Each structure stands twice: as structure tokens, then as C-alpha cells.
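Numbering-wise, the sequence shown is residues 26 to 380 according to this note's numbering.
Positions of the beta carbon are idealized from the N, C-alpha and C atoms, including for glycine.
Since we're looking at a predicted model, the values are computed, not measured.
Notes to accompany the following structure.
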Amino acid sequence: MTETKTFKCPSCGAPLAYEGEKEKLLCAHCGAEIEPDAFLEDEDLDADAPRSWDKYGDGKADWSDSDVTLYTCPSCGGEIICEGNTASTVCPYCDNPALIEGRLSGAFRPDVVLPFTVKEKEAKAALKKFCKRKWLLPRAFHKENKTESLKGIYIPFWLYDCDTNSRFTYSAIRKTSWRSGDYRYTRTSYYKLIRRGLLDFVNIPVDGSVAADNTLLESVEPFRFEEAVPYTDALLAGYLAQRYDDSAESCGVRARERVAASVDTALRRTVFGYLSVRKTSEDIMFTKNEVRYALIPLWFMNTRYRDKSYTFVINGQTGKMSGTLPVSWGKFFAFLGGISALVAGLCMLAAFFAI
Numbered sequence: 026m027t028e029t030k031t032f033k034c035p036s037c038g039a040p041l042a043y044e045g046e047k048e049k050l051l052c053a054h055c056g057a058e059i060e061p062d063a064f065l066e067d068e069d070l071d072a073d074a075p076r077s078w079d080k081y082g083d084g085k086a087d088w089s090d091s092d093v094t095l096y097t098c099p100s101c102g103g104e105i106i107c108e109g110n111t112a113s114t115v116c117p118y119c120d121n122p123a124l125i126e127g128r129l130s131g132a133f134r135p136d137v138v139l140p141f142t143v144k145e146k147e148a149k150a151a152l153k154k155f156c157k158r159k160w161l162l163p164r165a166f167h168k169e170n171k172t173e174s175l176k177g178i179y180i181p182f183w184l185y186d187c188d189t190n191s192r193f194t195y196s197a198i199r200k201t202s203w204r205s206g207d208y209r210y211t212r213t214s215y216y217k218l219i220r221r222g223l224l225d226f227v228n229i230p231v232d233g234s235v236a237a238d239n240t241l242l243e244s245v246e247p248f249r250f251e252e253a254v255p256y257t258d259a260l261l262a263g264y265l266a267q268r269y270d271d272s273a274e275s276c277g278v279r280a281r282e283r284v285a286a287s288v289d290t291a292l293r294r295t296v297f298g299y300l301s302v303r304k305t306s307e308d309i310m311f312t313k314n315e316v317r318y319a320l321i322p323l324w325f326m327n328t329r330y331r332d333k334s335y336t337f338v339i340n341g342q343t344g345k346m347s348g349t350l351p352v353s354w355g356k357f358f359a360f361l362g363g364i365s366a367l368v369a370g371l372c373m374l375a376a377f378f379a380i
């Protein structure tokens with residue numbers, strides 16, 4: 026059976042939870058505040074663990090756990106079943122947080138953690154703020170939706186740094202017209218444009234979980250990576266956490282896609298003053314590739330409205346929320362009818378003045 030590790034108050038023995046704003050472990054029972062470094066002596070710091078993109082490799086060769094693992098809660102003795110990639114969890118019987126030993130060691134030990142600063146109460150209030158000015162939202166949603174679950178989870182992310190040397194070429198057209206006597210002349214000029222750029226990127230985030238919705242997680246960016254702190258086990262106290270199951274090499278494909286899109290946008294902005302512009306070639310050379318393994322804080326909320334479940338994700342640092350809301354089709358068609366009536370009215374007005 027898998028061993029677990031807990032963080033208990035040295036004064037009263039109650040479970041501790043990490044408070045991101047105070048940067049300390051707090052005891053809800055007696056109010057004690059403990060420095061996370063107090064638990065460092067019990068950790069295997071894995072000084073020789075791989076920390077570069079190449080050394081991380083696939084990582085799957087190190088996996089030895091089954092998809093489902095049984096462990097015993099050290100507080101109440103209850104037996105808990107969790108998935109193979111769960112690294113930190115909370116006992117559903119006594120609400121005691123526990124870190125599953127060995128899950129975040131070796132190549133699976135994170136380099137840094139972005140601590141939670143958005144509290145559970147603030148996460149609950151985020152939905153009300155998110156629904157503001159959503160004109161197509163059913164009126165009944167505010168009263169009838171029920172929160173089924175709200176979980177603070179540290180999601181594994183790869184943070185990529187890279188330097189780029191890029192060369193893009195464009196085909197552009199510029200037209201000039203003028204009148205001379207009874208004739209109008211148009212001159213069309215064709216150009217080949219070359220743009221070069223040296224752009225450096227830091228902390229490009231790509232989630233390392235196969236099951237995660239990349240688009241949904243990216244929608245709550247940005248994160249404040251300057252607040253990242255070196256990983257210690259105590260930082261996970263009170264929250265759920267997962268370890269990566271998608272390698273740095275595999276996720277690097279998505280990182281390169283994000284870099285290419287950013288380079289394309291930056292260089293395209295230098296091309297202006299033409300009737301039309303078409304990119305004909307691109308060449309991006311990556312002159313540096315480095316990666317860090319991080320745990321990033323996210324709140325996941327599931328709500329139910331009229332027998333349908335809706336999932337939302339909240340940035341654990343900024344409170345930014347994203348998700349899909351229900352649509353009132355009555356409001357939609359009323360809005361569409363209003364637009365149609367407005368267009369018809371404008372057409373009639375234009376026809377009247379044309380007579």
C-alpha cells in the first residue's frame with residue numbers, strides 16, 4: 026500500500042494548509058503559522074534529478090505506479106483510491122491533506138510552484154462576476170445553477186525558454202490611381218518584402234497533462250511567473266496536485282507552435298502601407314531550448330443547470346475565469362430579429378433618400 030506524507034501543526038497536531046499570500050502553512054485549529062522550510066529536512070531534494078529539456082526525455086520509463094492506487098490516510102485510517110498521476114490529495118473522510126510519497130520525486134519533482142493566492146471564497150464568487158454582461162445567458166441561470174464541486178488543483182506545466190532568429194518573406198501589392206484628361210490610370214507595383222527578427226521567449230506555458238483541455242487552460246492566462254518559488258512538498262498542503270503524464274519533448278511541439286504564432290504576429294506588424302500582403306515563406310531558428318517543470322494553481326468548478334453540467338476553470342493567481350455558459354435561444358432569436366429589423370429599416374431609409 027502506498028505511503029503518504031502529511032503536514033501537521035507542531036502545536037496541536039491539526040492538518041496544515043499552505044496560504045499563498047502569507048507564504049506560510051496555517052493551522053485552522055489554533056491559528057499557528059509555520060514556515061514551509063520547517064519540513065525541508067524530511068525531503069529528498071533530488072539534487073541530481075534531470076532539469077534540462079533533453080534530460081527530461083520521455084519520462085514514461087520512470088513510471089511504476091498503476092492507474093489506480095490504494096493508500097491509507099494517516100489521520101483517520103481510511104482507505105482512499107486515487108489515480109496513478111495524483112500526487113497530492115485530500116481524504117474525503119476527515120478532510121486531511123496528504124502527499125503521496127514518491128509521486129513527485131526524481132524526474133517528476135517540480136522545479137518551481139506558483140502558489141495559490143485566490144482563496145476558495147473568491148473562487149466561488151468568480152462565477153457571479155463571470156456572468157455579468159452575458160446578454161444571452163438565461164435569466165434563471167443565476168438562481169437555478171448549483172455548484173457540484175470546487176477543487177483547487179496544481180496542474181503540471183512545462184515552462185519553455187527559447188531564443189529565436191527568424192526570417193520571413195512576404196509578397197505585397199501597392200496600387201496608385203490618377204486621372205489624366207478623359208482617362209484614369211492605375212499602376213500596380215509588386216514587392217518582395219524580407220523581415221528578420223531576434224525574439225527571445227521566457228516561460229511559455231504548456232500543460233503536461235494528457236487529459237487537460239489545452240484551449241481551456243490557455244484561456245485563463247497569463248500567470249505571474251515572477252512569483253514562482255522553488256518546490257517543496259509543504260507548498261501542496263491543502264490542495265490536490267497531479268504530476269505530468271505528457272513529456273517535455275512531446276509538449277515542446279505545442280510550445281514551438283505558440284512561438285511561431287507570436288513571431289509571425291510580431292513581424293507581420295512591421296509590414297504596412299500595402300493593398301495586400303501574403304506570406305510566402307518563414308524560417309525560425311531556435312538558438313536556445315530550456316525547460317522547467319512547474320505546478321500551476323487552478324480552481325476547477327462544476328455546476329449543474331437543468332440537468333446539464335458546466336465546467337469552469339479559474340486562474341489560482343489572478344481569478345480570471347473561463348468556461349462555457351448556457352444560451353437562451355429566446356434571447357438569441359430576439360436579438361437576431363432586432364438586428365434584422367434595424368438592417369431593413371436602414372435599407373428603406375436609404376431607398377427613400379435615393380428617390
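Only residues of its own chain outside the window of five on either side were considered, and among them N110, V235 have a CB closer than 6 Å to the CB of D270, listed in chain order.
The region 285–295 makes no contact with the region 230–247; the number of CB pairs closer than 8 Å stays below 3. Taking the Cα of E274 as reference, the smallest distance to any Cα among V231, C55, K333, A253 is reached at V231. Only buried fits I321, as 16 or more other CB atoms lie within 10 angstroms of its CB. The alpha-carbon of D207 is positioned some 24 Å away from that of R199. Assigned with DSSP and collapsed to three states, N314 falls in strand.
Distance between C52 and F166, taken at the CA atoms: about 37 Å. Listed as beta-bridge partners of Q267 by DSSP are T111. When rounded, the separation of the alpha-carbon atoms in F325 and K176 is 5 Å. Taking C-beta atoms under 8 Å as the contact rule, N340 and F250 fail to qualify, at a distance of about 12 Å. The C-beta of I178 has 16 or more other C-beta atoms within 10 Å across all chains shown, which makes the residue buried.
Residue environment for C55: exposed (fewer than 16 other C-beta atoms within 10 angstroms of its C-beta).
In the three-state reduction of the DSSP assignment, D207 falls in the coil class. Every unbroken stretch of the alpha helix (DSSP H) spanning 4 or more residues and falling wholly within the region 131–193 is given here in chain order: 145–155, 166–169. Closest option to E243, judged by alpha-carbon separation, among K171, R134, A112, K345: K345.
In this structure, the alpha-carbon of L224 lies about 14 Å from that of A280. Residue environment analysis places T172 among the exposed positions, since fewer than 16 neighbouring C-beta atoms fall within 10 angstroms of its C-beta. At the C-beta level, R220 and T295 come within 8 Å of one another. In the DSSP assignment, L292 falls outside any beta strand (DSSP E) and lies within the alpha helix (DSSP H) extending over 273–293. Beta-carbon to beta-carbon, P40 and K30 are separated by about 12 Å, too far to satisfy the 8 Å threshold.
Setting aside the 5 residues that flank it on each side, C187 is surrounded in the same chain by F226, V284, F311, K313, N314, each with a C-beta closer than 7 Å to its C-beta; the list follows chain order. Under the DSSP assignment, L41 falls in the beta strand (DSSP E) whose first and last residues are 41–44. Beta-bridge partners of F325 (DSSP): K176, V338.
The closest CA to that of G348, considering only C156, R303, A253, is found on C156. Non-local C-beta neighbours of G222 in its own chain, meaning closer than 6 Å and more than five positions away in sequence, comprise S191, L292, ordered along the chain.
Membership of L241 in the alpha helix (DSSP H) is indicated by the continuous run 239–243.
DSSP lists I198 as the bridge partner or partners of Y215.
Counting other Cβ atoms within 10 Å of its Cβ, A112 reaches 16 or more and is therefore classed as buried. Between V316 and V137, the C-beta gap is not smaller than 8 Å, which leaves the two residues out of contact. When the five nearest sequence neighbours on each side are left out, the beta carbons in the same chain lying within less than 7 Å of the beta carbon of C276 are those of W183, V231, G233, in order along the chain. Taking E307 as the centre and dropping the five residues before and after it, the same chain places the C-beta of F193 closer than 6 Å to its C-beta, in chain order.
Per the DSSP secondary-structure output, F226 pairs in a beta bridge with C187. Sequence-distant partners of F133 (beyond 5 residues in either direction) whose C-beta falls short of 6 Å from its own C-beta, in its chain, are R268. If you draw a straight line from the Cα of R128 to the Cα of L139, it comes to about 19 Å.
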